[in-house]
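Peer 1: Its first residue numbered 4, the sequence shown is counted upward by one per residue in my numbering.
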Amino acid sequence: MTGNRLTSWAFADAFVAEDDALRWARDRAREAGLRSVSPGTGAALRVLAATVDAKAVAEIGTGTGVSGIHLLHGMRPDGVLTTVDPEPEHQQFARQAFRVAGFASNRARFIPGHALDVLPRLADSGYDLVFCDGDRLESLDYLAESLRLLRPGGLVAFEGVFASGRTVDSGPQPTEVIRLRELLRAVRESPELVPSLLPVGDGLLCAVKR
Numbered sequence: 004m005t006g007n008r009l010t011s012w013a014f015a016d017a018f019v020a021e022d023d024a025l026r027w028a029r030d031r032a033r034e035a036g037l038r039s040v041s042p043g044t045g046a047a048l049r050v051l052a053a054t055v056d057a058k059a060v061a062e063i064g065t066g067t068g069v070s071g072i073h074l075l076h077g078m079r080p081d082g083v084l085t086t087v088d089p090e091p092e093h094q095q096f097a098r099q100a101f102r103v104a105g106f107a108s109n110r111a112r113f114i115p116g117h118a119l120d121v122l123p124r125l126a127d128s129g130y131d132l133v134f135c136d137g138d139r140l141e142s143l144d145y146l147a148e149s150l151r152l153l154r155p156g157g158l159v160a161f162e163g164v165f166a167s168g169r170t171v172d173s174g175p176q177p178t179e180v181i182r183l184r185e186l187l188r189a190v191r192e193s194p195e196l197v198p199s200l201l202p203v204g205d206g207l208l209c210a211v212k213r
């Protein structure tokens with residue numbers, strides 16, 4: 004990749020400035036050893052939530068609230084984010100980050116637990132957007148649940164599908180990368196979805212449910 008392209012990519016990723024709440028949440032994620040979505044990915048999530056006029060969003064992987072803040076900024080003022088994470092202590096950081104960002108407590112519903120235990124309890128066709136940033140080994144299961152959860156015209160997004168370049172590397176790869184390749188193929192070939200792969204952060208796979 005040329006220097007100009009790398010510079011342009013870095014400029015695009017930092018194009019939308021982040022506030023104190025997001026910086027605080029990022030600091031907590033670093034301290035906990037967690038990955039956070041990049042600023043560019045966060046900005047893309049805001050746009051996607053705004054594009055579908057999202058009132059109900061489901062998030063797999065709360066972390067410390069970085070992606071959740073971006074999603075809430077893009078959602079309708081009366082929208083509710085339902086966010087699932089197996090680590091309740093991480094969700095406590097996210098609660099505080101949302102509060103610092105100025106969101107009322109009723110704007111987010113925190114559900115601790117394993118995503119594949121929680122998602123089946125959520126309403127069919129009840130969501131405008133599903134954001135997946137959980138266990139990559141479960142990506143295909145998240146896709147199946149997302150198709151059930153989304154209304155027609157709703158949108159699903161998967162973070163980290165480049166896997167730091169390993170997804171397109173021809174050498175031997177771990178099982179999680181093989182699962183990501185299977186996910187990319189399934190989304191691209193599904194007659195139910197209109198897909199796109201955005202080169203922001205570590206790759207954001209998006210698709211609209213027909």
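For glycine and all other residues, C-beta sits at the position ideal for the given N, C-alpha and C.
For R191, which residues from the same chain have a beta carbon less than 7 angstroms from its beta carbon, with the 5 sequence-adjacent residues on both sides left out?
Peer 2: Locating residue 191 in the sequence shown gives position 188, where the first residue counts as 1. Taken in chain order, the residues that qualify are P198.
Peer 1: Might you give, ordered along the chain, the residues of its own chain that have their beta carbon closer than 6 angstroms to the beta carbon of G82, omitting 5 neighbours on each side?
Peer 2: On the sequence shown, residue 82 is found 79 positions in, with the first residue counted as 1. Around G82: A57 and K58.
Peer 1: I need the boundaries of the alpha helix (DSSP H) containing L51, first residue and last residue.
Peer 2: As a first step, residue 51 is located in the sequence shown; it is residue number 48 there, counting from the start. Per DSSP, L51 belongs to the alpha helix (DSSP H) from P42 to T54.
Peer 1: Inspect the beta-carbon positions of V87 and G64 and report whether they are closer than 9 angstroms.
Peer 2: Walking along the sequence shown from the start, residue 87 turns up at place 84. Walking along the sequence shown from the start, residue 64 turns up at place 61. Result yes, Cβ atoms of V87 and G64 sit closer than 9 angstroms.
Peer 1: Which same chain residues, not among the five before or five after H117, have their C-beta less than 7 angstroms away from its C-beta?
Peer 2: The count along the sequence shown starts at 1 and reaches residue 117 at position 114. Cβ neighbours of H117 beyond the five flanking positions: P89.
Peer 1: Quick one: what's got a C-beta closer than 7 angstroms to A47's C-beta in the same chain, skipping five residues either side?
Peer 2: The count along the sequence shown starts at 1 and reaches residue 47 at position 44. Around A47, the same chain offers L201, V203 and L207 as residues with beta carbons nearer than 7 angstroms, after the five sequence neighbours per side are excluded.
Peer 1: Where do the ends of the alpha helix (DSSP H) carrying F101 lie?
Peer 2: Residue numbering aside, residue 101 sits at position 98 when the sequence shown is read from its first letter. Per DSSP, F101 belongs to the alpha helix (DSSP H) from P91 to V103.
Peer 1: Where does V218 fall in DSSP's three states?
Peer 2: As shown, the chain starts at 4 and ends at 213. That puts residue 218 outside it, with no answer to give.
Peer 1: Kindly list the residues whose CB is nearer than 8 angstroms to the CB of E195, restricted to its own chain and excluding five residues on each side of it in sequence; keep chain order.
Peer 2: Position 192 of the sequence shown, counted from the first residue, corresponds to residue 195. Correct list, in chain order: L150, K212 and R213.
Peer 1: Sorted by chain position, which residues of the same chain lie with C-beta nearer than 7 angstroms to R184's C-beta, five sequence neighbours on each side aside?
Peer 2: Working through the sequence shown from its first residue, we reach residue 184 at position 181. Result list for R184: T170, in chain order.
Peer 1: Checking 9 angstroms against the spacing of the C-beta atoms, do L122 and A61 come in under that value?
Peer 2: Along the sequence shown, one-based indexing puts residue 122 at 119. Along the sequence shown, one-based indexing puts residue 61 at 58. For L122 and A61, yes; Cβs fall inside 9 angstroms.
Peer 1: Specify, as a first and last residue, the run of the beta strand (DSSP E) that A61 falls within.
Peer 2: The residue given as residue 61 occupies position 58 in the sequence shown. A59 to I63 is the extent of the beta strand (DSSP E) around A61.
Peer 1: Got a sec, what are the start and stop residues for the beta strand (DSSP E) F18 sits in?
Peer 2: Taking the first residue of the sequence shown as 1, we reach residue 18 at position 15. Taken as a continuous stretch (DSSP letters only), F18 belongs to no beta strand (DSSP E), as it is neither H nor E.
Peer 1: So which of G137, A32, S41 and G71 has the shortest CA-CA distance to W12?
Peer 2: Along the sequence shown, read from residue 1 onward, the residue named residue 12 stands at position 9. The option with the nearest alpha carbon to W12 is S41.
Peer 1: Look at G105 and A24 and say whether their C-beta atoms are less than 9 angstroms apart.
Peer 2: Locating residue 105 in the sequence shown gives position 102, where the first residue counts as 1. Locating residue 24 in the sequence shown gives position 21, where the first residue counts as 1. Going by C-beta atoms, G105 is nearer than 9 angstroms to A24.
Peer 1: Once DSSP output is grouped into helix, strand and coil, what is the label at T10?
Peer 2: Walking along the sequence shown from the start, residue 10 turns up at place 7. T10: helix per DSSP, three-state reduction.
Peer 1: Whole-angstrom Cβ separation of E141 and L119, contact assumed at under 8 angstroms?
Peer 2: Here residue 141 refers to the residue found at position 138 of the sequence shown. Here residue 119 refers to the residue found at position 116 of the sequence shown. At roughly 6 angstroms, the Cβ-Cβ gap stays under 8 angstroms, so E141 and L119 are in contact.
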